[in-house]
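A.B. asks: One structure, pasted below without further comment.
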């Protein structure tokens, strides 16, 4: 350019958005001495879509942090809840067996999502243009496991709804005959749809990690069964609410108590049956492609409730459950009583050999924590040394004299058991 002029250059042809800015120009001024005065002005050649794109990327990053925290918290809570239900044998019943399978499906879902994200993060950090076969195979296995866990989780939520509906509707309900059917529905039904989807992806869309759905018709093989399970569970939920309303009205309670119990039952059932999925059930990827705001709102809602649902279910159906709390409290009291008896026995019988002491302590503890009181021996026969009537009672009452209170297991009469 000449001195003391403004140089005007058309927008470069190599810009990806050149068609939208083909009439734009770049400005730069030249002073009297032939030096550039300012930097060139490229405002007419800039893409106006860059800012929204960066905002969407930042929004996706925040969503990923949110659901990673949710799945991590849910994973810890679900593992602990599943361990509690497995450890206490008295909690093993049809209802809790279904809860344990539901917890397992939530655990599998959380693990598969976290592993999949870790694999994608590894690929981005290493900047791999062409993925190796081993990494590609691992990534595809993680995607398949994630799809299976999502479907299994949806169908175990459906099993929860079917079981609760059968309890309220069917008069004579034999639970044992249905558990195998429930297992087939929860773990077997997803395989019926997953195997064809894997075959079609391998034959027609065998690209990268199978994370993209090029042909949305193939994606309906996975989506349709999940939507069907959600809709069936929603209908079951409506029917259960009607039954609860009729039962609450039959008790002729006050209107405030009636509303409180109904609201409490409804809010408790929503996470158990996954009713929140109905909100955006018709907002598919195709219908929200033209509205970025609706798509991001749907994505946030889906991932938020899905990631924290496992944590909420573990709290409601394990940690705050009265039966679970009762078993944990009984276990704690039994352990505490055993420690007290052991200390008293060591203090009283300090000269007894260790092996004999251990066996006698275990025998005494078993006698004290049994559900029924030991039958007293006949008066004509003297009680043998080491029996429940002599050794256990002696050690228990020695503990009483030292502590100043009567232990619950030493009182006469049958102990209180849990009614299932």
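In the working numbering, the protein residues as written are 1065 to 1484. For every residue, glycine included, the Cβ atom is placed at its ideal position computed from N, Cα and C. All figures in this text were calculated on a predicted structure; none of them were measured in a lab.
1) Tell me, please, whether the region 1213 to 1227 touches the region 1296 to 1305 by the rule of three or more beta-carbon pairs shorter than 8 Å.
2) Locate the beta strand (DSSP E) running through residue 1501, then write down its first and last residues.
3) So residue 1513 and residue 1219 are in contact, right, with Cβ under 8 Å, and what is the actual spacing, rounded?
4) With three or more C-beta pairs closer than 8 Å as the rule, is the region 1171 to 1183 touching the region 1150 to 1161?
5) Of the choices 1262, 1289 and 1291, whose alpha-carbon is the least far from that of residue 1277?
6) With DSSP as the reference, identify every bridge partner of residue 1092, one or two as the case may be.
7) Please look up how many angstroms separate the CB atoms of residue 1331 and residue 1377, rounded, as I've assumed it's under 8 Å.
8) DSSP puts residue 1385 in a beta bridge; with which residues?
9) Would residue 1216 and residue 1251 qualify as a contact pair, given that the criterion is a beta-carbon distance under 7 Å?
10) When you compare the region 1390 to 1408 with the region 1194 to 1209, are there three or more beta-carbon pairs, one atom per stretch, that lie closer than 8 Å?
11) Does DSSP put residue 1105 in a helix, a strand or coil?
12) Per DSSP, what kind of secondary structure is residue 1271 in: helix, strand or coil?
13) Would you mind working out which of 1105, 1248 and 1344 sits nearest residue 1294, comparing C-alpha positions?
14) Using DSSP with H/G/I as helix, E/B as strand and the rest coil, what is residue 1247?
15) Just to confirm my understanding: we take residue 1171, look at its own chain, exclude 5 residues before and 5 after, and list those with CB closer than 8 Å. What are they?
16) Could you please give the first and the last residue of the uninterrupted alpha helix (DSSP H) stretch that includes residue 1296?
17) State the DSSP-derived secondary structure class of residue 1345, mapped to helix, strand or coil.
18) Let me know the secondary structure DSSP gives residue 1122 once reduced to three states.
19) Give the secondary structure of residue 1193 by DSSP, where H, G and I count as helix, E and B as strand, and everything else as coil.
20) Since residue 1202 and residue 1183 should fall inside the 8 Å C-beta cutoff, what is the C-beta to C-beta distance between them, to a whole number of angstroms?
21) Report the three-state DSSP secondary structure of residue 1097 (helix, strand or coil).
22) Hey, how far is the Cα of residue 1249 from the Cα of residue 1256?
23) With distances taken from CA atoms, which of 1356, 1406 and 1370 is nearest residue 1123?
24) Count the other C-beta atoms from every protein chain shown that fall within 10 angstroms of the C-beta of residue 1260, then say buried if there are 16 or more, exposed otherwise.
25) Could you pull out every residue in the same chain whose Cβ sits closer than 8 Å to the Cβ of residue 1379, ignoring the five residues on either side in sequence?
26) Rounded to a whole number of angstroms, what is the C-alpha to C-alpha distance between residue 1247 and residue 1368?
27) Quick one: grab the DSSP three-state call for residue 1165.
28) To the nearest angstrom, how far is the alpha carbon of residue 1148 from that of residue 1155?
29) Comparing alpha-carbon positions, which option in 1126, 1286 and 1312 lies nearest residue 1208?
30) Does the distance from the CB of residue 1150 to the CB of residue 1232 come in under 7 Å?
31) Excluding sequence positions up to five away, which residues of its chain have a Cβ less than 6 Å from the Cβ of residue 1329?
32) Inspect the beta-carbon positions of residue 1372 and residue 1088 and report whether they are closer than 7 Å.
33) For the alpha helix (DSSP H) holding residue 1362, just list the boundary residues, first then last.
C.D. replies: Here's the rundown:
1) Below 8 Å, enough C-beta pairs join the region 1213 to 1227 and the region 1296 to 1305 to call them touching: three or more.
2) Since the first residue shown for the chain is 1065 and the last is 1484, residue 1501 is missing from the structure and cannot be characterised.
3) In the structure displayed, the chain extends from 1065 to 1484; residue 1513 sits before or after that span and is not available.
4) The answer is no - the region 1171 to 1183 does not touch the region 1150 to 1161, with fewer than three Cβ pairs under 8 Å.
5) 1262
6) 1071
7) Contact flag wrong, Cβ pair sits at about 13 Å.
8) Answer is none; residue 1385 lacks a bridge partner.
9) yes
10) no
11) strand
12) coil
13) For residue 1294, the nearest C-alpha among the options comes from 1344.
14) Helix, per DSSP.
15) 1139, 1142, 1143, 1146 and 1374
16) 1280 to 1314
17) Assignment of residue 1345 by DSSP, reduced to helix, strand and coil, places it in the coil class.
18) helix
19) Any reading at residue 1193 must be qualified, since the residue scores a pLDDT of 45, below 50, and its modelled position is unreliable; the value itself is stated next. The answer is coil: DSSP assigns residue 1193 none of H, G, I, E or B.
20) 6 Å
21) coil
22) 10 Å
23) 1356
24) So residue 1260 ends up on the exposed side.
25) 1141
26) 28 Å
27) helix
28) 9 Å
29) 1286
30) Not in contact: residue 1150 and residue 1232 (Cβ atoms no closer than 7 Å).
31) For residue 1329, where only same-chain residues beyond five positions count, the Cβ hits under 6 Å are 1308.
32) no
33) 1356 to 1378
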